[in-house]
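Colleague:
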Amino acid sequence: MHLKQNSRFNKWYKHQLLLESKHLKRFLPETHLYTIEKFWEMMDQYNEVILKPSVGNGGKGIIKVSKTDGDKVEVNLQKSKKQIMFINDIEQLLGEKLEGQQYLLQYCIPLAKVNGNVIDFRYITQRNKGDTKWDITGKYGKIAKDGYITTNILNDGNLVTVEEALSRSNIKNFDLEQTMDALDHLSLALSTCYANSFKNQNIWGFDLAVDEFGGIWIIEANATPGFVPFEKPGFSEMGKKINSYLEVGKQIDLPEIQGLEEDPGKQVPNRNKKRKGILLLKDLFQIFLDKFNK
Numbered sequence: 000m001h002l003k004q005n006s007r008f009n010k011w012y013k014h015q016l017l018l019e020s021k022h023l024k025r026f027l028p029e030t031h032l033y034t035i036e037k038f039w040e041m042m043d044q045y046n047e048v049i050l051k052p053s054v055g056n057g058g059k060g061i062i063k064v065s066k067t068d069g070d071k072v073e074v075n076l077q078k079s080k081k082q083i084m085f086i087n088d089i090e091q092l093l094g095e096k097l098e099g100q101q102y103l104l105q106y107c108i109p110l111a112k113v114n115g116n117v118i119d120f121r122y123i124t125q126r127n128k129g130d131t132k133w134d135i136t137g138k139y140g141k142i143a144k145d146g147y148i149t150t151n152i153l154n155d156g157n158l159v160t161v162e163e164a165l166s167r168s169n170i171k172n173f174d175l176e177q178t179m180d181a182l183d184h185l186s187l188a189l190s191t192c193y194a195n196s197f198k199n200q201n202i203w204g205f206d207l208a209v210d211e212f213g214g215i216w217i218i219e220a221n222a223t224p225g226f227v228p229f230e231k232p233g234f235s236e237m238g239k240k241i242n243s244y245l246e247v248g249k250q251i252d253l254p255e256i257q258g259l260e261e262d263p264g265k266q267v268p269n270r271n272k273k274r275k276g277i278l279l280l281k282d283l284f285q286i287f288l289d290k291f292n293k
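Written out as structure tokens, the structure is:
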């Protein structure tokens, strides 16, 4: 398998690492490397897919494709209006947009929404150099700008607390406290899992999501998260906590690349599981953390 040397920036590599965890893989959306054959296979199965560059951040390059009536599809590029085109034309568009880049194909999570706009969550976790204990030093909710398919703050997404985003959302029949607790534990479990492959990485920014049924999802992990949101009113105390860790030492990564199997196995999205397992997440993640912290 060909891997970029600095693979902490490679979303495909990080996705495969999580597939090796029986505790965490259930929270991953079905994801594949892009081929036009796999694209049509997933479109036939789900009617809607997300395409994203394997290396990149800030929501750049993300494309959403959805089937509409008849022989047409709707294409949503991050910074442009939706385009309706014939199915026969989509291959040419994707060929132009994706040329020369490694792209991922992903099941389109039915994200929870606030006033019709999708929401997700950013969690910052940190540890002191050489330590095994991770701490959540910052977190916030992101509400997408009208018409946008991602919530990125740089694209004028609305910054709110995790509690506010969940409270205002359209999630059906969920327990607010348990869901917030589950997101906390998931971010710590992810940090512990990645620590086995990125031994000198002391900070992560995790994008997590909750779907409209209350199901928890992992979107992606960011090795160099931004801190601008923590300069905003209401989030500055988190910013101070983040800085207290940063001041301890320079937090860089010299990743130890570990071999992976070519075929990680069939992935099954939890889109139909709805809230299954949320009530047990705290206990599940505590067991997981205890295992790796011994």
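Each residue of the sequence shown is one higher than the one before, starting from 0 at the first, in numbering that gives the first Met the number 0.
By construction, the Cβ of each residue, glycine as well, lies at the ideal position given by its N, Cα and C atoms.
On a predicted model such as this, the values are computed, not experimentally measured, just so you know.
Specify the secondary structure class of A208 as computed by DSSP and reduced to three states.
Modeller: A208: strand per DSSP, three-state reduction.
Colleague: When we look at the beta-carbon of E260 and count the other beta-carbons within 10 Å, is it buried (16 or more) or exposed?
Modeller: Its pLDDT being 30, under 50, E260 is placed unreliably in this model, and the value from its coordinates should be taken loosely. With fewer than 16 Cβ atoms within 10 Å of its Cβ, E260 is classed as exposed.
Colleague: Suppose you measure from the CA of A33 to the CA of G94; what does that come to, to the nearest Å?
Modeller: The sequence given here has Tyr at residue 33, not Ala. In a straight line, the C-alpha of Y33 is about 11 Å away from that of G94.
Colleague: Does the distance from the C-beta atom of K24 to that of L17 stay below 8 Å?
Modeller: Yes, the Cβ-Cβ distance between K24 and L17 is below 8 Å.
Colleague: Excluding five sequence neighbours on each side, which residues of the same chain lie with their C-beta closer than 6 Å to the C-beta of E47?
Modeller: So the list reads S65, C107, once near-sequence residues are dropped.
Colleague: For V301 and T223, I'd like the C-alpha separation in whole angstroms.
Modeller: As displayed, the chain neither begins before 0 nor continues past 293, which places residue 301 out of reach and without an answer.
Colleague: If you follow the alpha helix (DSSP H) that S190 is in, where does it begin and where does it stop?
Modeller: Counting along the chain, the alpha helix (DSSP H) containing S190 begins and ends at 175-194.
Colleague: If the criterion is Cβ atoms closer than 8 Å, does the pair L76 and I62 meet it?
Modeller: Yes, these two residues count as a Cβ contact at 8 Å.
Colleague: Rounding to the nearest angstrom, what Cα-Cα distance links S166 and I35 in this structure?
Modeller: If I take the Cα positions, the gap works out to 39 Å.
Colleague: So, W203 versus D210, is the Cβ gap smaller than 8 Å?
Modeller: Their beta carbons are not under 8 Å apart, which means W203 does not touch D210 by this criterion.
Colleague: Could you pull the start and end residues of the beta strand (DSSP E) that D134 belongs to?
Modeller: Per DSSP, D134 belongs to the beta strand (DSSP E) from 134-142.
Colleague: With C-beta atoms as the reference, is F173 less than 8 Å away from K141?
Modeller: No; because the gap between Cβ atoms is not below 8 Å, this pair is not in contact.
Colleague: Relative to the C-alpha of L189, which residue among K37, Q125, K112, Q100 is closest?
Modeller: L189 has its Cα closest to that of Q125, out of K37, Q125, K112, Q100.
Colleague: Identify, in the order they occur along the chain, each residue of the same chain with its Cβ nearer than 7 Å to the Cβ of Q250, setting aside the five sequence neighbours on each side.
Modeller: Confidence at Q250 is low in this model, with a pLDDT of 47, below 50, so its placement is unreliable and no value can be given for it.
Colleague: Buried or exposed for Y102, going by 16 or more other Cβ atoms inside 10 Å?
Modeller: Under this definition Y102 is a buried residue.
Colleague: When we look at the beta-carbon of I49 and count the other beta-carbons within 10 Å, is it buried (16 or more) or exposed?
Modeller: By the neighbour-count rule (16 or more Cβ atoms within 10 Å), I49 is buried.
Colleague: Strictly by DSSP, which residues pair up with W203?
Modeller: Looking at the DSSP assignment, W203 forms a beta bridge with T124.
Colleague: Is it the case that the Cβ atoms of G60 and K71 are separated by a distance below 8 Å?
Modeller: No, the pair does not count as a contact, with Cβ atoms beyond the cut-off.
Colleague: Which same chain residues, not among the five before or five after M41, have their C-beta less than 8 Å away from its C-beta?
Modeller: The residues are E29, H31, V48, L104, Y106.
Colleague: Taking H31 as part of the beta strand (DSSP E), name the residues at either end of that continuous run.
Modeller: From DSSP, the beta strand (DSSP E) with H31 extends over 30-32.
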